[in-house]
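The sequence shown begins at 110 in our numbering and counts up one residue at a time.
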Amino acid sequence: GFVQERNEEDKLIEVIPGRSVSQDPMKLGDFQGLRHEFLQRIIYDNPLVQQEITRHRAEILTKHEVDEKEWGNWTVVGLSNRKGRRRWMNVDTIRNKCNTRLLSEKVV
110 GFVQERNEED KLIEVIPGRS VSQDPMKLGD FQGLRHEFLQ RIIYDNPLVQ
160 QEITRHRAEI LTKHEVDEKE WGNWTVVGLS NRKGRRRWMN VDTIRNKCNT
210 RLLSEKVV
């Protein structure tokens, strides 16, 4: 549920998540807190997701011929190619330019 806060003129000034979203009162109305809670539960605490992230990272670094001993020194940045609305028209070109410019900085 959501909690609505109104001013004296009965105008809506804030809509914040109610306790059904988070039982921690410190996180109510705090987008970053809710985002962190979501990421923690769905991504960081999920070993299957972590395995997939590790596998994908290894695939990307191997594709760029990075020595496995150096993987921890590299940053992998993802550019997602959307299939629906607001689709990138030239994502492959942008990805190639980024790789060319940033490989010396150990970023792919």
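Every residue gets a Cβ at the ideal spot worked out from N, C-alpha and C, and that includes glycine.
>> What would DSSP say about serine 131, mapped onto helix, strand or coil?
In response: Here residue 131 refers to the residue found at position 22 when the sequence shown is read from its first residue. For serine 131, the pLDDT reaches just 48, beneath the cut-off of 50, and the residue's location in the model is therefore unreliable, although a value from the coordinates is still provided. In the structure shown, serine 131 sits in coil (DSSP, three-state: anything other than H, G, I, E or B).
>> By alpha-carbon positions, which one of Arg195, Phe147, Arg164 ends up nearest to valine 185?
In response: Within the sequence shown, residue 185 is the residue found at index 76, counting from 1. The shortest C-alpha separation from valine 185 is found at Arg164.
>> Using a 10 Å radius around the Cβ and a threshold of 16 neighbouring Cβ atoms, would you call valine 216 buried or exposed?
In response: Sequence index remark: in the sequence shown, residue 216 carries index 107 (1-based). The residue in question, valine 216, is exposed, as its Cβ has fewer than 16 Cβ neighbours within 10 Å.
>> My parser needs the beta strand (DSSP E) runs of 3 or more residues fully inside the region 159-185; what are they?
In response: none
>> Can you tell me whether valine 200 is helix, strand or coil according to DSSP?
In response: Here residue 200 refers to the residue found at position 91 when the sequence shown is read from its first residue. In the three-state reduction of the DSSP assignment, valine 200 falls in the helix class, which pools H, G and I.
> By Cβ distance, which residues of its chain are closer than 6 Å to tryptophan 180, with the 5 residues on each side in sequence left out?
Replying inline: Stepping through the sequence shown from its first residue, residue 180 is reached at position 71. Here the set comprises Leu170.
>> Once the 5 residues before and after arginine 166 are set aside, which same chain residues still bring their CB inside 7 Å of it?
In response: Translated into positions along the sequence shown, residue 166 becomes position 57. So the qualifying residues of the chain are Val185.
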